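Protein chains in written order, with this note's numbering: chain V, 3 to 244; chain B, 3 to 244; chain A, 14 to 272; chain U, 14 to 272; chain S, 14 to 309. Here a beta-carbon is modelled for each residue, glycine too, at the ideal position from N, C-alpha and C. These figures come from a predicted structure and were not determined experimentally. Report on one structure; see the data block that follows.
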Amino acid sequence: MTDVQITITNKTYPNALQPTIKDLQLSLTSNEFICLVGASGCGKTTLLNCLAGLDKQYDGEICVGQQHTTPKIGYIFQNPRLLPWRTVRENIELVLEPNQPPSVIDALLDFMQLTQAQHEYPERLSVGMNRRVAIIRAFAVNPDLLLMDEPFVSLDPPTARDVRRLLLQLWQQRPHTVLFVTHDLREAITLADRLIFLASTPMQVISDIVVPIPRMQRHDEAAIEGFRQQLLNDYPAIKQLL
Amino acid sequence: MTDVQITITNKTYPNALQPTIKDLQLSLTSNEFICLVGASGCGKTTLLNCLAGLDKQYDGEICVGQQHTTPKIGYIFQNPRLLPWRTVRENIELVLEPNQPPSVIDALLDFMQLTQAQHEYPERLSVGMNRRVAIIRAFAVNPDLLLMDEPFVSLDPPTARDVRRLLLQLWQQRPHTVLFVTHDLREAITLADRLIFLASTPMQVISDIVVPIPRMQRHDEAAIEGFRQQLLNDYPAIKQLL
Amino acid sequence: METMCYFKAKLIMTINKYLPTLSLLIFLAVWQGVASYLHSNTLPTPQVVAIVFWQAIVSGQLPYHLGATLLRLVVSFSISMLLGCAIGIVLGRNKALNAFFDNWLVIFLNVPALVTIILCYVWFGLVESAAILAVVINKLPNVIVTIREGTRALDTDLMDMARCYHFSKTKTLRHVILPQLQPFLMGATRSGLALIWKIILVVELLGRSNGMGYQLHLFFQMFDVASILAYTIAFVAVIQLIELLILKPLDKQALRWRR
Amino acid sequence: METMCYFKAKLIMTINKYLPTLSLLIFLAVWQGVASYLHSNTLPTPQVVAIVFWQAIVSGQLPYHLGATLLRLVVSFSISMLLGCAIGIVLGRNKALNAFFDNWLVIFLNVPALVTIILCYVWFGLVESAAILAVVINKLPNVIVTIREGTRALDTDLMDMARCYHFSKTKTLRHVILPQLQPFLMGATRSGLALIWKIILVVELLGRSNGMGYQLHLFFQMFDVASILAYTIAFVAVIQLIELLILKPLDKQALRWRR
Amino acid sequence: EKTTIRIGVQAAGTVEWELSAFPTESADFQIEVHPVATAEAGKIALQSGAVDMIVSDWIWVSSLRAQGEDFTFYPYSSTAGALVVPEKSMIHSLKDLNGKHLGIAGGELDKNWLLLQALAQKEGIYLNKSVEKTFGAPPLISEQLKQNRVDAALTYWHFAAKLEAVGYRQIIDGRGILKGLGIEENVPSLGYVFKQSWASSHSAAVANFFKASSLAKKSLCTDDTAWQKVISLTKVDEAATQTLLRKRYCEGGVEQWGDKEQQAAARIYTLLKTLSNSQLTGKSDTLQAGTFWSNK
Ligand SMILES: Nc1ncnc2c1ncn2[C@@H]1O[C@H](COP(=O)(O)OP(=O)(O)OP(=O)(O)O)[C@@H](O)[C@H]1O
Ligand SMILES: Nc1ncnc2c1ncn2[C@@H]1O[C@H](COP(=O)(O)OP(=O)(O)OP(=O)(O)O)[C@@H](O)[C@H]1O
Ligand SMILES: [Mg+2]
Ligand SMILES: [Mg+2]
């Protein structure tokens, strides 16, 4: 039961001239998959940081899940944030709980084609490989709330497709709430239950659109493209974002 | 006159099991715009580093431009690599030559919508903003050879479009050789004179395709999409990359 | 997740502002307490020390000796920091040079202060330059070692960027290397002032006719702890001043760009 | 741009391997040269020192005093590094505590070694623990200051990651904080061994009946430079051994993950 | 039950010689030797209670007493420092020091230096102004003299004797300075320092210890076989130096210790207080009562 209630009346960075987020209200239903789309610098990462509890310097309140349990959070940061002095495998093992079997990691590494690189140090891998490790790390914790900040940039299209498929599969197997930041509208439509478009300075919701395409048809490029065109026509406000 | 002759017979990282690049031969004509497309981890960044002279531990030879002048290189790295202890503006000013007027920076900052943020430190900006600064830095040096390693990820589509336009404009105003790494085939077709598709471990050229669409028609989405479909049909080998 | 209210934050900041003063007061109180409890001439009370301190200042003795020591401190500190940074950066970046000089470094690092001081005096006479040289020889290896570690940990990404954009040597040093070495430099400066102070005392003890070390030795012969503490306080006050006027602002500047 | 040929690289590596030995030989040669040129009892030749060294070992004097000093060194070094790291990390991460203790730190950093040593002895008696305490008090603030700088420079991104993934305190310390502090720790260790060695000499001089400090002072009174150098060499050799067996491997391990 | 006397002894010092010449068995005390490296280490040992007795000077005892401690003093030796010059030096008296470079062991507050200034002043010479001074540790001062970096050295008797043995010339010694200042009595410079309370509770043993001490000194000075036994303790190889060290040591014997000498000490105290501007002696105007131990 990880529904999330976000009320941020004011989030202003110290020394900043204007608030980054103002009077934002957002509620995510349990196990919903939500995509955030917004201009660069509009405050998406800031919002995710508040949600993850990394940034507590804001006015307002964020309630995640039940009151007296801390939800498990998986966060794919905008940069990989791996520990450079631990190998790929160690980086993933570190976030696991002691009772989780290591076979989870093996399967994920294999899927991401990183089995060969599992004992390498992150600095010896390509950027895309590092991103994949960061994705595995977030998946491996079996999060109640999964925050993904542009997770698939630097991945080649086939890999990105595979990972997208894996994400949906995991999410359907073990439903959890997902907040997904992307600049790619096609990707957003393919994945999300709901699209949230954000305007900048201060960040506000300009459109909150439920994606009506059934999950079965999501791999149909034409359907996606059709809805995309429809969006652009129906919501002139979001056109400036795309 | 910055044509580039690349002959890398062997590039193996220390302690690596197999060579990353083997028997690669590539020649870029002066002022050509070339896009590199290849799977994550195939060695694109490695190649760019060799080209920029940052990595000299390879067998082979790379000749850039005339013999007795070092070419000016602009390199947009895969991560922004700004100096965190210098403001946005200082970061750009540092790469300028003393005789370059500061107005160059003003124009670029304005174009990238960073005028307001110019006296901020990079850590206080969003990832996308940092990328834009890195782009400005590379443009500002008026390079003879411009290396761009997935420069437009984390930019929202309108910004990315604008920057793409600016890039082409600068390139046409002052022709120079550009090597552009991307995973986005549409983007590659829009920009390149020539597309080079790379296979991995070890890296090899699998297809080297000239884009026949005239520069005038490059903003025509249908033309781009048409050529893309044609590519996928004509070259089955590159399909696995896309 | 909790709500942060700005009022609370402000209160905490106000308290933080007075913490340094508070801590000093507590320090004095503890000292006073222990001293009155022990009631021994080996630990005089703050008042006694304060009186001695005042007299030493009025008599001009303290300023004179403190001045002599500070002059030596400034000269030898500057020399060893500049030289140490230069050598440390070179050794940190050049594997061959480092392999060559590593042994020498270990040797100079571990030659007892006493030995270098004696040898300097014996070879160069009981003169000022010998004293300064002795301090520098004792401090230099420490700086080198710290800066060398820092240089080894430099960010390759940024160094590559500088190379690619043809930064000149001085530009690289000023804008890329030194800011990364800043925490190492601060560490070396803070513990360096303290170390030099410890060494300079021995140097002055063995062969100078003025300075704090010379004075302290006299007091020590008389077992005059109050005077020893008074002189110590004078020195600590000077260092504290350096902290406030130079090091703290530098700290602040370094923090400016951090999140 | 140039071509790198592997043969050349291999040659350089072979040379690099012999550089340490070479540098030692050159050091000895320089010493020999200067000593025979000066021909003074203030700088004996390496041979003379070697003979004295050998005699001191055979007589059992040197091993005895060196052993006593090393024991003190190990104990006080361990205590001050452990305590110093703990306090340094806490102060580096907690602004309020730092504001409070900053003054104390400056005071303890700059109290002359002499004063702390005397007070320790006078209050706690001429016992071993007082000697160790005196060394610790002198070394501790240095470690704290260095580690505090390092902690301030910790990467916020990684710390946030650890928090977000609910790393326990020990896990964060072991996997996130300590690897980042590694260069600071190495700096503190290397210059720390040297500093303790300097202080321990004074400690032994003032209140122990054995150890290198006691012996060295005796030689100083006799002006027996050869013995002073012989004892110094013994100590340097021990530290060199620590370098080779402990510190160099640690260095290597830290470099393992770097590009 | 024998009284154990713990005594702090400087390595290679004369106390060590003397103790080793003590009779092996004694009726009511036994000695526990605690080696210390320097005079300061001895003072610390005494104050921290690690030893019962050290050898030090009475001025320090007086200043401690002024602070309320109950240490007291029993004479041990009257040997004091000396002014030495190279054999062929032009310096023959204090007058010749004018404009010369003088090395001084200790520091400004060195007793010999203070008294030497007073003596020179009587002859109208202001040494403090007219000579170029270099203060330093005694071994360094000897070395400076040997390297001709100073023209004359005012140093401790040990170091002076070693210099003399290799051909340096003594101009005046501590006793000579005092005589010049009109103090004829042989006032001890060093003595055993110990707590009065401790001594009173072990008065017999302490008295016997002092008796043994003076016997040991006598045997070292008169009996060559006894001297042969301690020669290794001098840490000196040359026979000439050994002989000179023995001679100086024996000259420092304190034969007389009565009211006359103690009054002379009080005069010296006043002298030093003025000369050092109270820095050497502390605030107290006069020598503290009880500074000198009386076993009554
Ligand atoms: N630590 C900080 N201190 C001050 N201002 C900050 C800080 N971090 C971010 N900002 C400002 O807050 C705004 C939002 O930043 P944020 O990183 O949330 O953007 P974003 O939506 O994630 O952008 P992008 O898509 O480029 O990653 C930016 O304008 C930035 O300048
Ligand atoms: N410093 C290094 N040491 C050892 N191996 C390395 C190093 N850097 C890269 N590699 C290896 O070389 C290969 C190519 O890396 P490179 O960074 O060039 O890939 P890339 O094509 O840029 O990938 P991406 O699109 O993910 O950025 C990878 O398999 C990587 O593991
Ligand atoms: Mg962001
Ligand atoms: Mg790459």
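- Listed in chain order, the positions of the region 208-241 of chain A with a beta carbon within less than 8 angstroms of a beta carbon of chain S are 218, 219, 220, 221, 222, 227, 230, 231, 233, 234, 235, 236 and 237.
- Unbroken alpha helix (DSSP H) runs of no fewer than 4 residues, entirely contained in the region 81-138 of chain A, are found at 108-123 and 126-137, following chain order.
- Contact annotation: in the region 155-173 of chain A, residues whose CB is within less than 7 angstroms of a CB in chain B are 170, 171 and 173.
- Spanning the alpha carbons of residue 132 of chain A and residue 226 of chain S requires a straight line of approximately 39 angstroms.
- For the 7 angstroms CB-CB criterion, residue 216 of chain U and residue 166 of chain U do not form a contact.
- Cα atoms of residue 212 of chain S and residue 87 of chain U: separation of roughly 40 angstroms, rounded to the nearest angstrom.
- Among the residues of chain A, those whose CB is under 9 angstroms from the CB of residue 125 of chain B are 270, 271 and 272, following chain order.
- Within the region 61-140 of chain S, the runs of beta strand (DSSP E) at least 3 residues long that lie entirely inside it are, in chain order, 66-69, 84-90, 95-98 and 114-118.
- Comparing alpha-carbon positions, the option among A:233, A:202, A:34 and A:239 lying closest to residue 109 of chain U turns out to be A:34.
- A Cβ of chain U is located within less than 7 angstroms of the beta carbon of residue 249 of chain A.
- Within 6 angstroms of the C-beta of residue 130 of chain B there is at least one heavy atom belonging to ligand 1.
- Proximity of the beta carbon of residue 115 of chain V to ligand 4 is not indicated: no heavy atom of the ligand is located closer than 6 angstroms.
- Close to chain U, meaning a Cβ-Cβ distance shorter than 8 angstroms, are the following residues of the region 108-119 of chain A: 108, 109, 112, 113, 114, 115, 116, 117 and 119.
- With a threshold of 6 angstroms, the Cβ atom of residue 22 of chain V does not count as near ligand 3, since no heavy atom of the ligand is closer than that.
- For residue 49 of chain B, the nearest beta carbon of chain A is not closer than 7 angstroms to its own beta carbon.
- C-alpha of residue 31 of chain V to C-alpha of residue 165 of chain V: approximately 24 angstroms in a straight line.
- Where residue 223 of chain S is concerned, the enclosing alpha helix (DSSP H) starts and stops at 216-235.
- Residue 74 of chain B sits in coil when the DSSP states are folded into three classes, being neither helix nor strand.
- Boundaries of the alpha helix (DSSP H) around residue 193 of chain U: 191-220.
- Contact between the region 170-177 of chain U and the region 75-90 of chain V is established, with three or more Cβ pairs separated by less than 8 angstroms.
- Taking the beta carbon of residue 53 of chain S as reference, the chain U residues within 7 angstroms of it are 219, listed in sequence order.
- DSSP, reduced to helix, strand and coil, places residue 80 of chain V outside both helices and strands of the structure shown, so it counts as coil.
- Using a Cβ-Cβ cut-off of 7 angstroms, residue 85 of chain U does not count as an interface residue toward chain A, since no Cβ of chain A sits closer than that to its own.
- Residue-level contact check: residue 47 of chain U does not touch chain S, since none of the beta carbons of chain S fall below 7 angstroms from its beta carbon.
- Following the DSSP letters along the chain, one finds residue 152 of chain A inside the alpha helix (DSSP H) bounded by residues 141-165.
- Beta-bridge partners of residue 305 of chain S (DSSP): S:86.
- Remark: the C-beta of residue 46 of chain V is in contact range of ligand 1, defined as less than 6 angstroms to any heavy atom.
- Contact of residue 104 of chain V with chain U by beta-carbon distance below 8 angstroms is absent, the smallest such distance being about 17 angstroms.
- In this structure, residue 21 of chain V keeps its C-beta atom at 7 angstroms or more from the C-beta atom of residue 84 of chain V.
- Distances between the C-beta of residue 15 of chain B and the heavy atoms of ligand 2 include at least one below 6 angstroms.
- At a cut-off of 7 angstroms between beta carbons, residue 244 of chain V contacts chain B.
- In the three-state DSSP reduction, residue 185 of chain V falls in the coil class, being neither helix nor strand.
- For the pair of segments examined, the region 32-44 of chain S was found not to touch the region 163-182 of chain S: the number of CB pairs separated by less than 8 angstroms stays below three.
- Remark: the shortest separation between the CB of residue 126 of chain B and any heavy atom of ligand 1 falls under 6 angstroms.
- Of the heavy atoms belonging to ligand 3, at least one sits nearer than 6 angstroms to the Cβ of residue 80 of chain V.
- By the Cβ criterion, the region 45-65 of chain B is in contact with the region 14-29 of chain B, since at least three pairs of Cβ atoms, one from each stretch, lie closer than 8 angstroms.
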